[in-house]
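See below for the structure under consideration.
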Amino acid sequence: MSHLRADPVPILSRAPLVFGVTVGDQVFLRSAMNLRDDAVLMGGALEEGTIVHPMRPGDLIEDTRSALAAALTQVARPQSLLLFNCGGRIWEARSRGQVAELGAAMLPLPGAGFTTYGEQYGS
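Structure (structure tokens):
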């Protein structure tokens, strides 16, 4: 990884490093945002010593569409969305020229939201 230290942000956006953190029976993703010395800085808090697993990239657009469709089945007659989008997802979409497609996949209903660098779980 030492070759990434010169300017890691452009490299990480083209070849995202994504890790999974298991909490109960769910896996939460953490995107590498930067590299410092011997540390990988993630979007979202991780306590020192947390075990992370490298993940393989999937189909960004279809996976977003499928996950959102599954979440919407849990709500009776949803009419709009409030989205908190992962910053790593936007980096990846920009590097692939898929920002418009990602936006369409995230908004099957009227909605608003913003990009964030971290998610909360178990709180």
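Each position in the sequence shown, counted from 1, maps to that position plus 4 in this note's numbering. Where a beta carbon is used, it is the ideal one built from N, C-alpha and C, also for glycine. If you're wondering where the values come from, they're calculated on a predicted model, not measured in any experiment.
In this structure, MET37 keeps its C-beta atom at 7 angstroms or more from the C-beta atom of LEU50.
In this structure, the alpha-carbon of PHE32 lies about 14 angstroms from that of THR68. Burial is judged here by how many other beta carbons sit within 10 angstroms of a residue's own beta carbon; LEU76 has fewer than 16 and is exposed. Across the set GLN78, GLY115, GLY62, the C-alpha of GLY62 shows the shortest separation from the C-alpha of ALA97.
Bounds of the alpha helix (DSSP H) holding THR68 are 64-76. For LEU87, there is no enclosing alpha helix (DSSP H); the residue is part of the beta strand (DSSP E) that begins and ends at 85-90.
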